[in-house]
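Heads up: the sequence shown begins at 325 in this note's numbering, then just goes up one per residue.
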Amino acid sequence: MAVIDPALLPDTFVAAFNAKDLNAIDRLFEPGAVRVLRPGEVVVGDGRRAATSSFLALGVPIEISLRHSYVYDDTALLIGDFVIDGTKPDGERVHIEGTATDVARRGPDGLWRYIIDNPPGVEKADG
325 MAVIDPALLP DTFVAAFNAK DLNAIDRLFE PGAVRVLRPG EVVVGDGRRA
375 ATSSFLALGV PIEISLRHSY VYDDTALLIG DFVIDGTKPD GERVHIEGTA
425 TDVARRGPDG LWRYIIDNPP GVEKADG
């Protein structure tokens with residue numbers, strides 16, 4: 325899943341997520357990439373991987389619609405609407421949606437990877 329155009333990162337993420345392929349998802353991120361769990365709370369490395377794993381465990385597919393892609397040199401800002409909607413294997417209904425604000429960087433190999441995964445987007449912090 326080599327991504328040579330940052331605008332293709334969301335679709336590539338969707339394919340890996342819906343295939344429940346945590347390793348493929350992980351390859352779409354730089355090793356030190358951060359994941360925003362909620363405003364003011366970020367995780368990296370194993371924490372990022374665990375957060376992704378918990379969403380995969382829901383067993384519900386994701387859809388992402390890229391709203392904007394802005395690229396400057398080797399950095400891209402990606403804004404996309406996402407929906408995780410369906411029924412878990414235990415019968416519980418799941419519906420999570422939002423507008424993510426993510427940042428990607430082109431590596432020395434020419435491939436684009438996420439460096440900031442921010443599903444809450446511009447959601448206000450509590451307090």
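For glycine and all other residues, C-beta sits at the position ideal for the given N, C-alpha and C.
Exercise. Considering only the beta carbon of each residue, do P385 and G356 sit closer than 9 angstroms?
Worked result: Along the sequence shown, one-based indexing puts residue 385 at 61. Along the sequence shown, one-based indexing puts residue 356 at 32. Not in contact: P385 and G356 (Cβ atoms no closer than 9 angstroms).
Exercise. Taking the runs of the beta strand (DSSP E) that are 3 residues or longer, which of them lie wholly in the segment 326-369?
Worked result: 353-362, 365-368
Exercise. Contact check, F509 vs D441 under 8 angstroms by CB: the rounded distance?
Worked result: The chain is shown only over 325 to 451; residue 509 falls outside these bounds and no answer can be derived.
Exercise. With 16 as the cutoff for other CB atoms within 10 Å, does I328 come out buried or exposed?
Worked result: Walking along the sequence shown from the start, residue 328 turns up at place 4. That one is exposed.
For this session: Quick one: grab the DSSP three-state call for A381.
Result: Taking the sequence shown and counting its residues from 1, the one referred to as residue 381 is at position 57. Note: A381 maps to coil in three-state DSSP.
Problem set entry | Proximity to L346 [Cα-Cα], best of L332, V395, M325 | The sequence position of residue 346 within the sequence shown is 22, counting from 1. Cα-wise, what sits closest to L346 is M325.
For this session: Quick one: grab the DSSP three-state call for G434.
Result: The sequence position of residue 434 within the sequence shown is 110, counting from 1. It is coil, neither helix nor strand.
Problem set entry | Distance, V366 Cα to D433 Cα | For the purposes of this step, residue 433 is identified with residue 109 of the sequence shown, where counting begins at 1. For the purposes of this step, residue 366 is identified with residue 42 of the sequence shown, where counting begins at 1. Rounded to the nearest angstrom, the two C-alpha atoms are 27 angstroms apart.
Exercise. Going by C-alpha distance, which of G364, V360, A381 is nearest G371?
Worked result: Here the question's residue 371 lines up with position 47 in the sequence shown. Of the listed residues, the one whose Cα sits closest to G371 is V360.
Problem set entry | When I420, D405, R430 are compared against K412, the one with the closest alpha-carbon | Against the sequence shown, residue 412 aligns to sequence position 88. With distances taken between Cα atoms, K412 lies closest to I420.
Exercise. What does a CB cutoff of less than 6 angstroms around T399 pick up in its chain, not counting 5 residues either side in sequence?
Worked result: Residue mapping note: residue 399 aligns to position 75 of the sequence shown, counting from 1. These residues qualify, in order along the chain: R429.
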